[in-house]
Every structure is written in C-alpha cells, then in structure tokens.
Amino acid sequence: MTETTVATPSAMVPTGGPWRTALADLARDRTAIASSAIFLLIVLLCLLAPVYAHYIAHTNPFMSNVSGTTLVDGKTVPVLAPTTTGLGLGVTPIGPTWDVRHYFLGADNQGRDVMARLLYGGRNSLLIGISSALICCVIAALLGVISGYFGGVVDAVLNWFFDVIWAFPVYLLAISLSVVLLTNGLRLGPVTVGAGSIWLPVLIIAAVYVPYVARPVRAQVLALRGREFIHASIGVGGSDARILRRDVLPNVAPMVLVFLPLMTAINMLTESALSFLSVGVQPPNASWGTIINDGLGLLYTRPIVAIAPGLMIVITAVVLNLLGDSVRSALDPKARLRGAA
859 MTETTVATPS
869 AMVPTGGPWR
879 TALADLARDR
889 TAIASSAIFL
899 LIVLLCLLAP
909 VYAHYIAHTN
919 PFMSNVSGTT
929 LVDGKTVPVL
939 APTTTGLGLG
949 VTPIGPTWDV
959 RHYFLGADNQ
969 GRDVMARLLY
979 GGRNSLLIGI
989 SSALICCVIA
999 ALLGVISGYF
1009 GGVVDAVLNW
1019 FFDVIWAFPV
1029 YLLAISLSVV
1039 LLTNGLRLGP
1049 VTVGAGSIWL
1059 PVLIIAAVYV
1069 PYVARPVRAQ
1079 VLALRGREFI
1089 HASIGVGGSD
1099 ARILRRDVLP
1109 NVAPMVLVFL
1119 PLMTAINMLT
1129 ESALSFLSVG
1139 VQPPNASWGT
1149 IINDGLGLLY
1159 TRPIVAIAPG
1169 LMIVITAVVL
1179 NLLGDSVRSA
1189 LDPKARLRGA
1199 A
C-alpha cells in the first residue's frame, strides 16, 4: 500500500509579502539577472569615462585634435591622414586600432577619440533617459491617481490636458518644444533652465510622455475605486488622504515600477533622435545621438563612428525592455498563477 502525499496550499503559494515574493521571483529569473547585469555594466563603464579618457587614453574627447598623432603598432601616425582617393582633398580619420590606449574605436572628423566620446555620451544619454523616466512616472502617477479617484470636474480637466498632449505626434511635439526652448530657455517661477542645459531635454521628454503613463494609471484607479475594500474604507469614515495612501497607491505602485525601465528605454531613443537633429543635447556636451550625427559624414570611410553609439542605444534599449517584462511578470499575480498552471 503506497502513501499518497497531497501538496498543501502553503507549499504551493510563496510565503511572505507581495514585494518579497516579487523580489524572489526576479532573483530566480535568468533574463532579469542577465539584463540587469548588462545594464549595470553599461552604466559603470559610462561613469568611468573620465578615468578612461584621462588615465588610459590620455585624450580630451571635447577638444579638436586635427594635427595630432598616435601610436599604431609602434609607429607614429597622424590622427587625421590626408585623403588618397579622388582629388586628394580633405582628410580621413584614423580607424579603430583596438588598442585601449590609442584610439580604440578610431577618431571622428575632428580628431577626437570615439571611444572616450562614446563613454561620455553614454553618461548624458543614461542621465536623460533615467531622469526623464523618473520625472514622467512620478508626475503621471500623481495626475492619474487624482483623475481616477476624484472624478468629476477634476477628471474632465485632466483628461482634456491629456488629450491635448496626446493629439500631437510625440516627436513633432518634442522637436517643437526643443526648438522654442533652445533659444529662450525655460522659466517656471523661481526655477530657470538655461537654453544649453542638459536638463532642458530631460523636462521636454518627461512632459511629452506623461499622458502615456497617466492614462493606464487612471484606468487602474477607476477599477480600484469600485472595489469592496475602497468602499469599506469610505464607509468607516476614512479620509481621502488615508485611502489614497493606504489603499490606492500601494496597488498602483507596481504598474509604475513596470513603466520605469520601459520609459527609460523609450526616453533614451527620443533623446537620441532629438540630439541627432541637433535639438537635444547641445555642444560641448555629447550624447549617443550627437555622436551618430558626427559620424553621418563618415559612413563610407569610418562607419564605426556612427555604428558604435547606435549599437549602444540598441543594446541598452533591449536590456531595459527585457528587464521591464521581467518586472511585470514578477509584480503581476495573474502572471504568476498562469506560470504555475
């Protein structure tokens, strides 16, 4: 006679709170671990840009070096060599040497080290992507919660505001705002942002994407508004502030966290497009978008100048999207139940 063991519910359902369970799921998710590791590696390399430029490559990535020389296989060669094809006019930048001490990825048309500029540009691209995503998600979450919870006139006004922004194509609106603000700067009461400040594209990109996050948050709050525990809190005399703090925000927070890595990737792509069009990051600062623009005229002679930042944008966007999918699966109880089934 064999003994049959029946699994108890406690053995099938993860113990601990929802946040602890989500963290445990992420720790077991190989995709989440790999994408997080790659993203952190990219961030670390970009943060070490000054170390690479000053102590390894011994170069200034923001200063032209049209008459400079470097070492290739023990030989001194010019950074910008005279063109040997056609009429012999112009110069050709040195190509990749694959030596981290001497123009690892070659030079651009001003003789600047592409690798050093790639790391410095990554600092600005990541800063703009992460900062604008944080600002966008915080503002969108607040507006979405207020719109969905209070309803009435407040909901109508905020929805009208969302519709006005949503009526414009994202890139057209971002380009229009950039063109105007790059000449005049931005003044919001006591806060002034200069025309060439790197925080100008941060605020522009954050603003144009607010409706795309606020609308799903509002829909989630509307669904929560009809739940029994909200009615119970209202019935026992709970204030709006307490209900929002204790019942609504904890249920909305997972959705906002899922949006954060996804919006970071989208905002980085938007920043790159604006910088490529010269209405994003302004000189002497650099970003991956501005480096692609610098390499546009070298596509046939030194394509690595444009390809390298393009690859960094693609890799970063892919790992952030994979991380966002993993976070969604970890924070969505229905996804966990579907996976268990």
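Numbering (the numbering used here), first residue to last: 859 to 1199. By construction, the Cβ of each residue, glycine as well, lies at the ideal position given by its N, Cα and C atoms. Predicted, not measured: the structure shown is a model, and the values here were computed from it.
Query                                                                                                         : Result
Sub-7 Å separation of A1111 and V1068 beta-carbons                                                            : no
Nearest neighbour of A907, chosen from A1144, T1050, R1076, Y1029 [CA to CA]                                  : A1144
Same chain only: Cβ atoms within 7 Å of A1032, ignoring 5 sequence neighbours per side                        : I1062, I1063, V1066, T1128, L1132
Beta-carbon separation (whole angstroms), D966 vs D1152, contact threshold 8 Å                                : 5 Å
Which of helix, strand or coil DSSP assigns to D931                                                           : coil
Start-end ranges of the alpha helix (DSSP H) lying completely within the region 1137-1166, minimum 4 residues : 1146-1152
Counterpart residues of A965 in DSSP-defined beta bridges                                                     : D971
Integer Cβ distance of L1080 from G1006, believed to fall under 8 Å                                           : 5 Å
Rounded Cβ spacing between D883 and A1188 (contact assumed at less than 8 Å)                                  : 4 Å
Member of V909, G964, G1138, F920 whose CA lies at the smallest distance from the CA of L929                  : G964
Under 7 Å between C-beta atoms of T955 and A939                                                               : no
Which of helix, strand or coil DSSP assigns to A939                                                           : strand
Span of the beta strand (DSSP E), counted from its first residue to its last, around L906                     : Here L906 belongs to no beta strand (DSSP E), and DSSP marks it neither H nor E.
Nearest-angstrom beta carbon gap, I1056 and V986 [assumed within contact, 8 Å]                                : Residue identity differs from the one stated: residue 986 is Ile in this sequence, not Val. Confirmed, about 7 Å.
Where the alpha helix (DSSP H) through P1059 begins and ends                                                  : 1057-1066
Reduced DSSP secondary structure (H/G/I, E/B, other) of P1027                                                 : coil
Outcome for T1003 when other beta-carbon atoms lying within 10 angstroms are tallied against a minimum of 16  : It is Val, not Thr, that sits at residue 1003 in the sequence shown. By the 10 Å Cβ count, V1003 comes out buried.
Cβ contact check for the region 1091-1108 and the region 1154-1166: 3 or more pairs under 8 Å                 : no
Contact set for V901: own chain, Cβ-Cβ below 7 Å, skip 5 residues either direction                            : L984
Backbone CA spacing between L1030 and G1052 [nearest angstrom]                                                : 22 Å
A1175 to M1126 span [Cα, whole Å]                                                                             : 8 Å
Per DSSP, cross-strand counterpart(s) of T1122                                                                : Note: T1122 sits in no beta bridge, so no partner.
Nearest to G979 (by Cα), restricted to the options G1182, C994, T1148                                         : T1148
Test item: CB-CB of Q968 and G1054 under 7 Å                                                                  : no
Pair within 7 Å by beta-carbon distance, N923 and V937                                                        : yes
CA-to-CA distance, L1118 to T953, given in whole angstroms                                                    : Per the sequence shown, residue 953 should be read as Gly rather than Thr. Going from the Cα of G953 to the Cα of L1118 covers about 38 Å.
CA-to-CA distance, A1072 to G1084, given in whole angstroms                                                   : 19 Å
Residues near P919 by beta carbon distance below 7 Å, same chain, minus five either side                      : A911, R970, D971, A974, R975, Y978
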